[in-house]
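To keep things clear, I will list the structure first and then write my remarks on it.
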Amino acid sequence: MRKERRAFARVKVDLPATLYIFEGEISYSGAILDLSQGGCYFPLDHDVTIGEQCEVIVTVGEGANAETLHIKGQIVRTDGNGAGIRFFDTSAGESGKLYSLLAKQ
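One point on numbering: in UniProt numbering, the residue at position 53 of the sequence shown is 53, and numbering is uninterrupted.
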């Protein structure tokens, strides 16, 4: 049996998002399918490099209730279909928004 190494529980989601790669200033639009306090999975049909620093931008809600999260991270895994991103340097405000989002899922 495989031991789970994740520090945070994953939640299956389907949230529109943008992945911005700092190196090369490249952005990809898509959807996050798997989210936790510690990271996410972002499906991609482009190659990205493990170790690249990035930002995940997610808007949750609509109209006056919409909130946008800007979460810095690093590509830690690729599988040909997408990238696993580990979040880091999350501000207290962004961390709180992310926690609230996960609690609603």
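For every residue, glycine included, the Cβ atom is placed at its ideal position computed from N, Cα and C.
Proximity test, Cβ basis, 8 Å: residue i and chain B
i	result
GLY80	In the structure shown, chain B cannot be found, because there is only a single protein chain.
Sequence-distant residues of its chain with Cβ nearer than 8 Å to residue i (five each side left out)
i	result
ILE85	LEU19, GLY39, CYS40, TYR41, PHE42, CYS54, VAL56, GLY73, GLN74, ILE75 and VAL76
ASP14	ALA31, ILE32 and LEU33
Simplified DSSP state of residue i, which is helix, strand or coil
i	result
ALA64	helix
GLN53	strand
PHE42	strand
GLN74	strand
Residue of the options minimising C-alpha distance to residue i
i	options	result
LEU33	SER27, LEU69, PHE88 and ARG10	ARG10
SER29	GLY80, HIS46 and ALA64	HIS46
GLY82	SER36, LEU44 and ILE26	LEU44
SER12	GLN37, ILE71 and GLY63	According to the sequence shown, residue 12 is Lys rather than Ser. The option with the nearest alpha carbon to LYS12 is GLN37.
Cβ shell of residue i (< 6 Å), same chain only, five flanking positions each side left out
i	result
GLU23	GLU52
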